[in-house]
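For reference, the structure is listed below as C-alpha cells.
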Amino acid sequence: MKLKRDYNEFTKVDVVKEKVKELGSQSIKVALPEDYCAKHEEKFNIACQYILERDPSLLPFLKNNEFTLYLKETQIRITLEDYFTRLASTILSQQISGLAAKSIKARVVSLYGGTFPDYKVLFKDFKDPAKSAEIAKCGLSKRKMIYLESLAAYFSKSDKDIENLFSQEDNDEEVINSLVTNVKGIGPWSAKMFLVSGLKRMDIFAPEDLGIARGFSRYLSDKPELEKELMRERGVVKKSKIKHKKYNWKIYDDDVMEKCSERFAPYRSVFMFILWRLSSTNTEAMMKAEKDFVES
1 MKLKRDYNEF TKVDVVKEKV KELGSQSIKV ALPEDYCAKH EEKFNIACQY
51 ILERDPSLLP FLKNNEFTLY LKETQIRITL EDYFTRLAST ILSQQISGLA
101 AKSIKARVVS LYGGTFPDYK VLFKDFKDPA KSAEIAKCGL SKRKMIYLES
151 LAAYFSKSDK DIENLFSQED NDEEVINSLV TNVKGIGPWS AKMFLVSGLK
201 RMDIFAPEDL GIARGFSRYL SDKPELEKEL MRERGVVKKS KIKHKKYNWK
251 IYDDDVMEKC SERFAPYRSV FMFILWRLSS TNTEAMMKAE KDFVES
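Residues in the sequence shown are numbered consecutively from 1, following UniProt numbering.
Following this line, the structure appears as C-alpha cells:
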C-alpha cells in the first residue's frame with residue numbers, strides 16, 4: 001500500500017520495529033539528544049520524554065527538526081496586545097492563502113505607521129466611517145471587518161478579565177468558550193490553535209483539523225493492534241467533521257482520535273505537532289507550514 005510505504009520511508013519506523021522484535025517484551029528507552037534538549041524549553045523536553053515512553057517510534061519526528069514554538073531563543077514576554085494581534089491575524093487569514101493574509105496584514109500595519117494597531121485604537125476607529133473605510137481598503141471583506149471589530153470590542157471592554165483568563169492554567173475549555181461566545185469569526189478550531197500557539201497550552205487536541213486527521217491516519221496505518229483496541233473501547237461515537245472526499249487515507253471519527261490522544265495527555269499539543277509532521281512526506285513544506293503557524 002502506497003500510504004504505508006511513504007510513511008515508513010519518511011519516518012524510518014521499520015528500524016524501530018526491528019528493535020522491538022529484538023527486545024521482545026522489554027521496554028525501549030529512547031531519549032532526545034542533549035544538544036537538542038538544550039535548545040528547547042524544559043517543559044517541552046519533559047513532554048517529549050513522556051510521549052517517547054509511550055511510543056518510542058515517534059522519536060524521528062521529534063529529533064529530526066527543531067520546534068520553533070518551544071525554542072529557548074524565541075521566548076519573549078507576551079502582552080495582552082500580542083494576544084490580540086495573534087487572534088486578529090487568525091481572522092485575517094481565514095479562507096485565503098497565507099501569502100494573501102500576510103499582504104493584507106502588511107497593508108494594515110502600513111496604514112497605522114508600521115505597527116499593527118492595538119485593540120483600543122481599532123475599537124475607536126471602527127466607529128469612524130472614514131477610518132473604517134480605510135481599513136477595509138487594506139483588503140478586508142465585509143465579514144472580516146465585522147469579525148475584527150468584534151475582536152477589538154471584546155478586548156476593549158473586557159481587557160482585565162481577559163488578561164486574568166489567559167494567565168490562568170488548566171482552564172482551556174473556559175478560554176475556548178469565552179472566545180467562541182464573545183468573538184464573531186472565532187470558532188472552536190481557531191480557539192484551540194490560539195491556545196497552542198498563543199498561550200502555549202500543552203494539552204490541546206483538535207481532531208477536526210485536516211492535517212491532524214491525515215497524520216493520525218498515517219500513525220495508525222502500521223498499528224493494527226492499537227486500531228483494534230481503540231475500536232473495541234469506543235463509547236459515544238463522535239463522527240468526523242471532515243468531508244469524505246477521495247482521500248488516499250482513512251478518516252477516523254473524532255472519538256477514536258481523542259481516545260488515542262489520551263495516551264499522551266497531558267501533552268497532547270506536542271502529539272498534535274507530531275501528527276502534523278506525520279501528515280506530510282514533504283519535510284521542507286511541512287516545516288515551513290509549521291513555522292508560519294507559530295509566527296502568524
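Here a beta-carbon is modelled for each residue, glycine too, at the ideal position from N, C-alpha and C.
Through-space distance from residue j to residue i, alpha-carbon basis
| i | j | result |
| --- | --- | --- |
| Ala136 | Leu179 | 23 Å |
| Asn45 | Lys142 | 44 Å |
| Ser150 | Ile186 | 10 Å |
| Arg77 | Tyr83 | 11 Å |
| residue 297 | Met231 | Coverage of the chain is limited to positions 1 through 296, which leaves residue 297 absent and any answer about it impossible. |
| Ser110 | Ser97 | 20 Å |
| Ala47 | Cys37 | 11 Å |
| Lys250 | Asp209 | 14 Å |
| Asp128 | Gly113 | 18 Å |
| Ile162 | Gly198 | 13 Å |
| Ala191 | Glu174 | 11 Å |
| Asp172 | Glu229 | 28 Å |
| Lys72 | Thr90 | 24 Å |
| Lys102 | Ala88 | 12 Å |
| Glu66 | Asp35 | 11 Å |
| Lys124 | Glu134 | 13 Å |
| Gln95 | Trp189 | 13 Å |
| Pro224 | Glu42 | 34 Å |
| Glu22 | Leu140 | At Glu22 the pLDDT is 45, less than 50, meaning the model places this residue with poor confidence; the figure from the coordinates comes in the next sentence. C-alpha separation (whole angstroms): 59 Å. |
| Ser25 | Gly211 | Unreliable positioning characterises Ser25 in this predicted model, as indicated by a pLDDT of 37, which lies under 50. The coordinate reading is nonetheless provided below. Roughly 33 Å separates the two Cα atoms. |
| Lys246 | Ala130 | 47 Å |
| Phe205 | Gly215 | 13 Å |
6 Å Cβ shell around residue i - same chain, five flanking residues per side excluded
| i | result |
| --- | --- |
| Ser132 | Phe126 |
CB-CB length for residue i against residue j, believed under 8 Å
| i | j | result |
| --- | --- | --- |
| Met202 | Ser269 | 5 Å |
| Lys105 | Leu92 | 6 Å |
| Ser156 | Lys120 | 5 Å |
| Lys243 | Asp255 | Not confirmed; about 18 Å, so no contact. |
| Pro207 | Met145 | So it is not a contact: roughly 31 Å between Cβ atoms. |
| Lys184 | Tyr147 | 5 Å |
| Ser261 | Asp253 | Going by Cβ atoms, the distance from Ser261 to Asp253 rounds to 13 Å, so no, they are not a contact pair. |
| Pro60 | Val30 | Rounded, the Cβ-Cβ distance is 10 Å, inconsistent with contact. |
Of the residues the options, the one placed nearest residue i, counting alpha carbons only
| i | options | result |
| --- | --- | --- |
| Ala213 | Leu278, Met231, Lys223 | Leu278 |
| Glu169 | Ser190, Leu32, Val196 | Val196 |
| Arg86 | Asp128, Asp118, Ile51, Met231 | Asp118 |
| Glu81 | Thr74, Ser103, Asp253, Phe116 | Phe116 |
| Asn248 | Ser280, Ala88, Lys259 | Ser280 |
| Thr74 | Lys200, Phe61, Pro188, Pro56 | Lys200 |
| Lys160 | Thr79, Glu66, Glu227 | Thr79 |
Where residue i falls, given that 16 or more other Cβ within 10 Å makes a residue buried
| i | result |
| --- | --- |
| Met272 | buried |
| His40 | buried |
| Arg234 | exposed |
| Ser221 | buried |
| Val236 | exposed |
| Ser217 | buried |
| Trp276 | buried |
| Ser167 | exposed |
| Ala152 | buried |
| Ala100 | exposed |
Same chain, Cβ closer than 7 Å to residue i, neighbours up to 5 away in sequence not counted
| i | result |
| --- | --- |
| Asn182 | Tyr154 |
| Phe264 | Ile51, Arg54, Phe271 |
| Leu58 | Ile51, Leu52, Ile274 |
| Cys138 | Ile104, Arg107, Val108, Leu111 |
Cβ-based neighbour list, residue i, same chain, cut-off 8 Å, excluding 5 preceding and 5 following
| i | result |
| --- | --- |
| Leu33 | Before going on, a small fix: residue 33 reads as Pro here, not Leu. Excluding residues within five positions, the ones whose Cβ falls inside 8 Å are Lys63. |
| Pro266 | Met202, Asp203 |
| Leu165 | Asn171, Glu174, Val175, Ser178 |
| Leu226 | Leu220, Cys260 |
| Gln49 | Ala31, Leu32 |
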